[in-house]
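Asker:
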Amino acid sequence: MTPHRRPAPRWFVEALVYAALTSSIVSSLGMLLVPSVSAEFGIPVSTAQWMLTANLLVGAVATPIMGRLADGPHTRRLLLTSLGVIFLGSIIATVAPNFTVFLIGRAMQGLLYGTVPITIALARRHLTFTESQPTISTLSVTVSVGMGLGYPLTGILAATFDLRAAFAFAALFVATAAFGVWRFIPAGPDPLAPRTPFDIGGALLLGGGLAALLLWISEGQIWGWGSATALVVLVVALNTLLFWIVHSIRTLHPLVNLRAVRRPEVLLANATAIGLGTAMYIGLSIASLVAQAPADTGFGLAVPLMWAGFMMAPLSAGSLVANRTVRALSRRYDMAVFLPVGAAVMTVASVLLWLRHGDFWTLAIGMFLFGAGIGSGYAAMPALIARSVAVDQLGSAVSFNQVLRTVGGAVGAALSAAVLAAHPSDSAYSTDEGITMAFGVGVICCATVMLALVLHAIAGRRRRAQQ
């Protein structure tokens, strides 16, 4: 008898979406709570920033490994295990007696970056191709859509109670997501999934290289870009990644199939991931800073912590609208069309925030447009990858795309920090000139990505016309 997969049960898609939302809920515990963590443990803000760095480093190392394992027969078990580690990390952070223990909890939460690729692999595996396309688009934007839920709740809980209440809520959310996966995702190994050996060498090389690269990007501003420490870390990162590329080409079953990554649509999605990831982090981090900065800075809106999270609501609304629009239009237009459209909308949003960022409604409109651009681009990327690679390579391909988004975000963070540091003020915040210039860098990033995507589309159309 030919082995076959069990059909997806009722509530299968809902359980996947709910599990994917854990990434946005847990990620909302980062940037917004850095000042609260600094006050809670009596440490400088620069030290508290390690709650972001540690989380990012673990995510960069774990995501490609989780993606490769997601292509194997035990994907459901992998998702449950990942959620279990994130849950335990949330509990540790909730009860942490000191910053060191708290940092361990935050590091364990870094597995959140790999949950969305796992859910996408499950959707493609248990749904028909037609059914999986809208589901994959929805799963891919859960991070931006979920921010509208995560950030307001985090702000309210931290302001009403304390930051530990926010982490306790995250633990509860992750626990309910794990129950949904246990109850509604088909159990047992997938009989059709490949059983190939795991590339341990590739995992060590890629994980080490990415960790060193992100450490250089995140801490280079503090070390000094020309310092011996920064240069050594950069050399280690580049050489390790080079060895990983050579190793992957020569290995029969690599962690990430670079031959699949080189396919035109996958390459397009991955290049876009870096550019949009950079632009997205610049826009979100600077907009959050503007919202919470005091009015006497000349640009701040002085929004209290309790309400600062609601500034992400327009972003989530824009992402949701864009996702629904892309799903409706995907039958008439190729998914690749939505990449330059998303970049164009993000460019408009960046220009608006660059010109007028000291007004509440302008900031809200800018965030809505930003969300629409992100939703359009992020809905298209996994769909392009899904139709270009084999089902048994989808997890690793999507996770690699997720890693590139993370790298782009780290680059955006470094660019923002460098611009703001070059425009110091007497307060803890930058000057209005620094904020304006940071938004200007975001405009350049978005416009560059948009121009590259438009030129790529024009060149592709000309090639097809000549054939």
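Numbering-wise (our numbering), the sequence shown opens with residue 6 and increments by one.
Glycine included, each C-beta is placed from N, C-alpha and C at the ideal position.
1. Could you give the uninterrupted runs of the alpha helix (DSSP H) lying entirely in the region 115-200, keeping only those of 4 residues or more?
2. Return the residue from the list L144, L263, P69 and L168 that minimises the CA-CA distance to A385.
3. Does the Cβ of P122 have 16 or more other Cβ atoms within 10 Å, making it buried, or fewer, making it exposed?
4. Which of helix, strand or coil does DSSP assign to D301?
5. What residues in its chain sit with their C-beta under 6 Å from that of E438, if we drop five residues either side in the sequence?
6. Are the CB atoms of M152 and S29 within a distance shorter than 7 Å?
7. If you drop the 5 nearest sequence neighbours on each side, which residues of the same chain put their C-beta closer than 6 Å to that of V394?
8. Please state the DSSP three-state secondary structure of F315.
9. Identify which residue in Q407, S355, V331 and V416 has its Cα closest to the Cα of Q138.
10. Taking the CB atoms as reference points, tell me whether T277 and D204 lie closer together than 7 Å.
11. Cutting at 8 Å between CB atoms, please list the residues of its own chain near A164, excluding the five before and the five after it.
12. Do you know offhand how far T406's Cα is from T436's?
13. Just the C-alpha distance for A462 and I379, rounded to the nearest angstrom, thanks.
14. Which runs of the alpha helix (DSSP H) spanning at least 4 residues fall entirely within the region 389-433, listed in chain order?
15. Using the three-state DSSP reduction, which class does V261 fall into: helix, strand or coil?
16. When the Cα of G1 is compared with those of L34, A419 and L127, which residue comes out closest?
17. Kindly list the residues whose CB is nearer than 6 Å to the CB of F315, restricted to its own chain and excluding five residues on each side of it in sequence; keep chain order.
18. Could you work out which residue in V100, V148 and A101 is closest to G119 when comparing CA atoms only?
19. Have a look at V416 and L117 and give me their C-alpha separation to the nearest angstrom.
20. Quick check on this structure: which residue in G229, L62 and V18 has the alpha carbon closest to the alpha carbon of L409?
21. Quick test of the definition: if touching needs 3 or more C-beta pairs under 8 Å, does the region 444-462 touch the region 284-298?
22. Does DSSP put P69 in a helix, a strand or coil?
23. Under a three-way DSSP split, which group does I91 fall into?
24. Could you have a look at S32 and say whether DSSP puts it in helix, strand or coil?
25. Closest by CA to P476, which one among W16, A44, L215 and P387?
26. I need the boundaries of the alpha helix (DSSP H) containing A349, first residue and last residue.
27. Throw me the rounded Cβ distance for the R130 and T80 pair, which I believe falls under 8 Å.
28. Could you check the C-alpha separation between D167 and S41 for me, to the nearest Å?
29. Out of curiosity, what's the CA-to-CA distance linking Q471 and V459?
30. With respect to the alpha helix (DSSP H) encompassing L219, which residues constitute its N-terminal and C-terminal limits?
31. As a quick exercise: from T135, V238 and I227, pick the residue whose alpha carbon is nearest that of L425.
32. If we count Cβ pairs, one from each stretch, closer than 8 Å, do we get three or more for the region 85-103 versus the region 170-182?
33. Go ahead and label I440 buried or exposed: buried means 16 or more other beta carbons lie within 10 angstroms of its beta carbon, across all protein chains shown.
34. Please tell me whether A327 and S253 are closer than 7 Å, where the distance is taken between their beta carbons.
35. In three-state DSSP terms, what is H461?
Answerer: Taking the coordinates as given:
1. 120-131, 134-145, 147-165 and 168-189
2. L144
3. buried
4. helix
5. H428
6. yes
7. A265 and A402
8. helix
9. V331
10. no
11. P309, L310 and M311
12. Checking the displayed sequence, the identity of residue 406 turns out to be Asn instead of Thr. Their backbone Cα atoms lie some 35 Å apart in a straight line.
13. 19 Å
14. 399-426
15. coil
16. Coverage of the chain is limited to positions 6 through 472, which leaves residue 1 absent and any answer about it impossible.
17. P157
18. V148
19. 20 Å
20. L62
21. yes
22. helix
23. helix
24. helix
25. Only positions 6 to 472 of the chain appear in this structure, which leaves residue 476 out of reach.
26. F343 to L360
27. 7 Å
28. 8 Å
29. 19 Å
30. I205 to W228
31. I227
32. yes
33. buried
34. no
35. helix
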